[in-house]
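**Student:** I have a structure here, written as structure tokens, and I will follow up with some questions on it.
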Amino acid sequence: MTGTLFSFGHGYSAQALSRLLTPQGWSIRGTTRDPAQSATVRASGAEPLIWPGQAPDLEGVTHLLISTAPKADGDPVLAGLRDEIAARAGQFEWVGYLSTTAVYGDHRGEWVDESTPATPTAERGKWRVQAEQQWQSVPGLPIHIFRLAGIYGPGRGPFSKLKRVGMRRIIKPGQVFSRIHVADIAQVLAASMAAPNPGAIYNVCDDEPVPPQDVIAYAAELQGLPLPPAVPFDEADLTPMARSFYNENKRVRNDRIKDELGVRLLYPDYRAGLEALMKDA
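So the working numbering is basically just the index in the sequence shown, starting at one, shifted up by 53.
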């Protein structure tokens, strides 16, 4: 299967998808706000477009991907292009919106799945719920929502953090996070594009939610570096954004991407992902 993909906010995850699709013959256009990022967008196999600024041309587009971050007043793509997208709803074979597992809020370490009500506590989660609803409200649009866990992969992960002066392991008893390797995000999106199911919502995460200090410890072990000192959460000097992540504690199920899309994760846990990153380093 090939087609024409237009990607709004062609960042880390979207670039991984375009690197997967381009060799298959896809035509891809991706937006960036920063002209300095045009070369990076092009290197991923997509034709860059500066937006806001240049007018997006959706003629002939078969697939849409949206990974732009929402704001308090809603999704920026729909703010500028809702009428055109709605008028072209029947043109698109697949539309994907990249959301976040932050929409579930805090569940005290219990499991959540796609049927769990969205009850976000953090501002970023509330904005995502609003954006999800805005996309779902466009009549006839074949929307698919992907709720991503914490993203890591080449150039993004604990290895670079370990070399920073003052790196610590923040310890909050019972706290766990779910994660996903960017290559697995790409394969989930590609699998959905090959088997559209308009209205579907998918959690995109690996099999093993774990405490963040475990990931840092394993990364240090792989690099032969000393274990960073442990600091109790209550004593840690964290930014408001970092602290907000620790205010939500849940384990996220990923059965649907396996059962419905037939995805077999390349990196089913953080150990497999970090080991692969070490080999490619």
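Cβ coordinates follow ideal geometry from the N, Cα and C atoms, glycine included.
Keep in mind it's a predicted model, so treat the numbers as computed, not measured.
Determine, using beta-carbon pairs with one atom in the stretch 187-203 and one in the stretch 121-134, whether at least three such pairs fall under 8 Å.
**Tutor:** yes
**Student:** If you draw a straight line from the alpha carbon of Asp267 to that of Gln240, how long is it in whole angstroms?
**Tutor:** Along the sequence shown, read from residue 1 onward, the residue named residue 267 stands at position 214. Along the sequence shown, read from residue 1 onward, the residue named residue 240 stands at position 187. The alpha-carbon atoms of Asp267 and Gln240 are separated by roughly 26 Å.
**Student:** For Thr93, I'd like the list of residues in its chain whose CB is within less than 6 Å of its CB, leaving aside the five on either flank, ordered along the chain.
**Tutor:** Within the sequence shown, the letter at position 40 stands for residue 93. Nothing listed; no residue qualifies.
**Student:** Measure the alpha-carbon distance for Leu242 versus Thr154 and round it to whole angstroms.
**Tutor:** Translated into the one-based positions of the sequence shown, residue 242 becomes position 189. Translated into the one-based positions of the sequence shown, residue 154 becomes position 101. So the alpha carbons of these two residues sit roughly 16 Å apart.
**Student:** Any idea which residues DSSP pairs Val191 with across the strands?
**Tutor:** As a working mapping, residue 191 is identified with position 138 in the sequence shown. Partner(s): none; Val191 has no beta bridge.
**Student:** According to the neighbour-count rule (16 or more other Cβ atoms, all chains shown, within 10 Å of its Cβ), is Met294 buried or exposed?
**Tutor:** Mapped onto the sequence shown, residue 294 falls at position 241. Result: exposed.
**Student:** My understanding is that Leu111 touches Phe59, with C-beta atoms under 8 Å, so please give their C-beta distance in whole angstroms.
**Tutor:** Counted from its first residue, the sequence shown places residue 111 at position 58. Counted from its first residue, the sequence shown places residue 59 at position 6. Rounded, the Cβ-Cβ distance is 6 Å, consistent with contact.
**Student:** Please confirm if the stretch 144-153 is in contact with the stretch 106-123, defined as three or more CB-CB distances below 8 Å between the two stretches.
**Tutor:** Segments in contact, yes.
**Student:** Determine the closest residue to Asp287 out of Glu261, Ile224, Arg217, with distance taken between C-alpha atoms.
**Tutor:** Numbered from 1 along the sequence shown, position 234 holds the residue referred to as residue 287. The candidate whose alpha carbon is nearest that of Asp287 is Ile224.
**Student:** So for Val114, helix, strand or coil by DSSP?
**Tutor:** Translated into positions along the sequence shown, residue 114 becomes position 61. In this structure, Val114 counts as coil in the three-state DSSP scheme.
**Student:** Does the separation of the CB atoms of Gly193 and Gly143 fall below 8 Å?
**Tutor:** Sequence index remark: in the sequence shown, residue 193 carries index 140 (1-based). Sequence index remark: in the sequence shown, residue 143 carries index 90 (1-based). Cβ distance < 8 Å, so Gly193 and Gly143 count as in contact.
**Student:** Name the one or two DSSP bridge partners that Ile198 has.
**Tutor:** Looking up residue 198 in the sequence shown gives position 145. Ile198 is bridged to Tyr150, Ile254.
**Student:** Between the Cα of Met220 and the Cα atoms of Ala184, Ala283, Gly178, Val316, which residue gives the shortest distance?
**Tutor:** As a first step, residue 220 must be located in the sequence shown, where it is residue number 167. Among Ala184, Ala283, Gly178, Val316, the Cα nearest to that of Met220 belongs to Ala283.
**Student:** How long is the line joining the alpha carbons of Gly315 and Asp290, rounded to whole angstroms?
**Tutor:** Within the sequence shown, residue 315 is the residue found at index 262, counting from 1. Within the sequence shown, residue 290 is the residue found at index 237, counting from 1. The alpha-carbon atoms of Gly315 and Asp290 are separated by roughly 43 Å.
**Student:** Give me the Cα-Cα distance between Leu275 and Leu327, rounded to the nearest whole angstrom.
**Tutor:** On the sequence shown, position 222 is the one that residue 275 refers to. On the sequence shown, position 274 is the one that residue 327 refers to. Going from the Cα of Leu275 to the Cα of Leu327 covers about 8 Å.
**Student:** Select from Pro249, Asn250, Phe212 the residue whose C-alpha is nearest the C-alpha of Ile269.
**Tutor:** The residue given as residue 269 occupies position 216 in the sequence shown. When each option's Cα is compared against that of Ile269, the closest is Phe212.
**Student:** Check whether the Cβ atoms of His197 and Asn256 sit closer than 8 Å, and answer yes or no.
**Tutor:** If you number the sequence shown from 1, residue 197 lands on position 144. If you number the sequence shown from 1, residue 256 lands on position 203. Their beta carbons are not under 8 Å apart, which means His197 does not touch Asn256 by this criterion.
**Student:** Do Leu319 and Asp260 have their C-beta atoms closer together than 8 Å?
**Tutor:** Locating residue 319 in the sequence shown gives position 266, counting from the first residue. Locating residue 260 in the sequence shown gives position 207, counting from the first residue. Result no, Cβ atoms of Leu319 and Asp260 do not sit closer than 8 Å.
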